[in-house]
Amino acid sequence: MPIALLFSVMSDDSSSRIVADLRDWIRTAPAEARLPSTRELVARHQAGPLTVQRALRTLAAQGLIESRPGVGTFVRAVRTARPADYGWQTAALRSPPAPIRPVPTALRSTPNDVIALHSGYPDRELLPERLVRAALARAARTDAAMARSPAAGLPELQAWFVGELAAATPAGVSPPTPSDAIVLPGSQSGLSAVFRALVAPGRPLLLESPTYWGAILAAQQAGVRIVPVPSGPAGPDAAELARAFDETGARVFYAQPDHANPTGAQWPAALRETVLDLVRRHGAFLVEDDWAHDLGITATPVPVATQDDSGHVVYLRSLTKGVSPALRVAAVVARGPARDRILADRAAESVYVSGLLQAAALDVVTQPGWGRHLAALRERLRDRRDLLLAALAEHAPTATVELVPAGGLNLWLRLPDGTDVHRLARDCEDSGLVLAPGTEWFPAEPAGPYIRLNYAGPNPAAHPAGARILGAALARH
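Per the working numbering: the sequence shown = residues 253 to 729.
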């Protein structure tokens, strides 16, 4: 055996012997007892200083000793773990202003080996990745990487958001101006700001039922009183909406007129006129959430906001779903004092939105490739939607699709009466399918057993297998 290797083996053996000897000594020594010095240990064990140091490092790594520079090495005191006591916070915080809701199913992360039909986002391959990466690289080389953005957003991005509305505004209606737009770090923060700014705590807010779970959460956190208005494949019931306005004195109605989440509803022209007349008659606001503006399949949204120039419609438009979840950029377009109140709330919340993200988002949507991406996206969404529809018709015929959506990301399925949707979801997940129970989209009691399936998620080739799992689970319930 080479001399160097022999020395290493002997050194390791000596180190282990010293560790064992000191461990026996530590077992009977009191806490904080000081160990013999390195010189004493060298003499006692007839070992070199490096070997002794190696033994001490081993004992320290095991938590048995601790070194205090300039003082010595000591037996480490055993610290008895005790449970954390946060009981004092109960008295300090009191009851929460709203029930603490669990993380929605749509935000859950799942392993790659399951069929994921629960997400609220499109699959990565449906996003303009090359445009986004190039835009971020270009934005990083501009002043946006270092400068502070204006509180209301980059003027160029404000103008782009308003320009989309102005292009669809008919003659005789005054379009909004760029200064009417406020850039947001995602539409969810916009909902929170709008509800806080326009609805006082304890005052009524009308919501479609079912509706976007994030709107329900934002309303609860704002401390407003939620008043559900029944809604279905054709949008909200106009008579029930009128009655809710009359009975509650509400001044704000939140809705999604195009490709509503979760139902997929797209309001007909007559309903748009009726709702606009109602909010005008009651001196109220319609908060129009145009979340799926870029996700049309067979229809292109024409916002209700294009029909209003008197400030009754507060318009929300997000780029997150169509561009990238990493670019959380949206805008709210509002006029008059309502706009000022929303801006004041946003400034208090986050001062301004990252100029870097704003510049990148603007770059993406002003590139020639953006239009080509949207055109291709229509076909790809149609293919995925139709694939899942066909699979459900074949393998889960008792699940009723009440509306084939003309856009968006989701199918809203009515299940047989008496179905326990949460038990069904657990059963499906045990078989490798994750779906979203419809209860999360109702601001009050569910109108029936529903689930929401995202046809734009990953691995559309697994749609038939997912439908088979759902059909088998329904047969057992």
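Each residue gets a CB set at the ideal place from its N, CA and C atoms; glycine is no exception.
How big is the Cα-Cα spacing for Q508 and P407?
Locating residue 508 in the sequence shown gives position 256, counting from the first residue. Locating residue 407 in the sequence shown gives position 155, counting from the first residue. Taking the straight line joining both Cα atoms gives about 27 Å.
Looking at the structure shown, is W664 part of a helix, part of a strand, or coil, going by DSSP?
Position 412 of the sequence shown, counting from 1, holds the residue named residue 664. In the structure shown, W664 adopts extended strand secondary structure according to DSSP, grouped into three states.
Would you list, in sequence order, the uninterrupted alpha helix (DSSP H) runs of no fewer than 4 residues that lie entirely inside the region 577-637?
At a cut-off of 4 residues, the continuous stretches assigned as alpha helix (DSSP H) that sit fully inside the region 577-637 are 589-602, 607-617.
Cβ-based burial, G670 [other Cβ within 10 Å; buried from 16]:
As a working mapping, residue 670 is identified with position 418 in the sequence shown. With fewer than 16 other Cβ atoms within 10 Å, it is exposed.
Pop quiz: A494 and L530 are said to be a contact at Cβ under 8 Å. What is the actual Cβ separation, rounded to whole angstroms?
The residue labelled residue 494 in the question sits at position 242 within the sequence shown. The residue labelled residue 530 in the question sits at position 278 within the sequence shown. Taking C-beta atoms under 8 Å as the contact rule, A494 and L530 qualify, at a distance of about 6 Å.
Who are the Cβ neighbours of P689 in its own chain at under 7 Å, not counting the five residues just before and after it?
To locate residue 689, count along the sequence shown from 1; it is residue 437. Only T357, V673, H674, A677, I703 meet the Cβ criterion.
If you compare alpha carbons, which of G607, A586, P349, V556 is closest to R580?
The sequence position of residue 580 within the sequence shown is 328, counting from 1. Nearest option by C-alpha distance: G607.
Compute the Euclidean distance between the alpha carbons of R296 and G322, then round it to the nearest angstrom.
Working through the sequence shown from its first residue, we reach residue 296 at position 44. Working through the sequence shown from its first residue, we reach residue 322 at position 70. Their Cα atoms are separated by approximately 22 Å.
Nearest by alpha-carbon distance to P351: which of P695, P701, G723, R385 is it?
If you number the sequence shown from 1, residue 351 lands on position 99. For P351, the closest C-alpha among the options P695, P701, G723, R385 is that of P695.
Using a threshold of 8 Å, state whether the C-beta atoms of A544 and K573 are closer than that.
Taking the first residue of the sequence shown as position 1, residue 544 is located at position 292. Taking the first residue of the sequence shown as position 1, residue 573 is located at position 321. Their beta carbons are under 8 Å apart, which means A544 touches K573 by this criterion.
Residue(s) in a DSSP beta bridge with L457
Along the sequence shown, one-based indexing puts residue 457 at 205. BP columns for L457 point to I478.
I need the boundaries of the alpha helix (DSSP H) containing E499, first residue and last residue.
Residue 499 sits at position 247 when you count from the first residue of the sequence shown. Where E499 is concerned, the enclosing alpha helix (DSSP H) stretches over 490-500.
If you draw a straight line from the alpha carbon of E460 to that of P488, how long is it in whole angstroms?
Along the sequence shown, read from residue 1 onward, the residue named residue 460 stands at position 208. Along the sequence shown, read from residue 1 onward, the residue named residue 488 stands at position 236. The straight-line gap from Cα to Cα measures roughly 6 Å.
Do G454 and R503 come within 8 Å of each other at the CB atom, strictly closer than that value?
Along the sequence shown, one-based indexing puts residue 503 at 251. Along the sequence shown, one-based indexing puts residue 454 at 202. Judged by their CB atoms, R503 and G454 are not nearer to each other than the 8 Å cut-off.
Taking the straight line between their C-alpha atoms, what separation do you get for D679 and T515?
Numbered from 1 along the sequence shown, position 427 holds the residue referred to as residue 679. Numbered from 1 along the sequence shown, position 263 holds the residue referred to as residue 515. Taking the straight line from one Cα to the other gives about 24 Å.
Taking only runs of the beta strand (DSSP E) that begin and end inside the region 410-467, which ones reach a length of at least 3 residues, in chain order?
433-436, 456-461, all fully within the region 410-467.
Using a Cβ-Cβ cutoff of less than 6 Å, which residues in the same chain neighbour T325 once the five nearest sequence positions on both sides are dropped?
On the sequence shown, residue 325 is found 73 positions in, with the first residue counted as 1. These residues qualify, in order along the chain: L287, I317, S319.
Inter-residue spacing [alpha-carbon to alpha-carbon] between P482 and V527
Taking the first residue of the sequence shown as position 1, residue 482 is located at position 230. Taking the first residue of the sequence shown as position 1, residue 527 is located at position 275. Taking the straight line from one Cα to the other gives about 14 Å.
Taking a contact to mean a Cβ-Cβ separation below 8 Å, would you say L661 touches V653 in this structure?
One-based indexing of the sequence shown puts residue 661 at position 409. One-based indexing of the sequence shown puts residue 653 at position 401. Not closer than 8 Å, so no.
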